[in-house]
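Residue numbers (the working numbering): 305 to 402.
Positions of the beta carbon are idealized from the N, C-alpha and C atoms, including for glycine.
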């Protein structure tokens, strides 16, 4: 049932997620999300809670902060032409794997 939900939510990207018998989830993060490929993808093993956190982040508006200096920061959102989905994915995974 969970695999069906993943397939429905992620479509062709569901191949990057494998639910393991022990309840962990293997996530394969493509080097370039704009041109996803299993080749050179980074493999991560997430606990069930970490996987749920990742799904929560993926379904929210995507944004991150960029700072030129400690006093000059701005928020880059997914609607911004400077938004880099690959950078956002790395930051999101870093948040989850703390």
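| query | result |
| --- | --- |
| Of the listed residues 367, 318, 395, 373, nearest to residue 385 (C-alpha basis) | 367 |
| Neighbourhood of residue 355 by C-beta distance below 7 Å, restricted to the same chain and skipping five residues each side | 329 |
| Residue 399 - containing alpha helix (DSSP H), residue span | 389 to 400 |
| Distance between residue 374 and residue 383 (C-alpha atoms, nearest Å) | 24 Å |
| Range covered by the alpha helix (DSSP H) that runs through residue 362 | 352 to 363 |
| Inter-residue Cα distance where the pair is residue 390 and residue 308 | 26 Å |
| Residues near residue 345 in its chain [Cβ-Cβ closer than 8 Å; skip 5 each side] | 320, 332, 333, 334, 335 |
| Per-residue burial, residue 310 [other beta carbons within 10 Å of its own, 16 or more giving buried] | buried |
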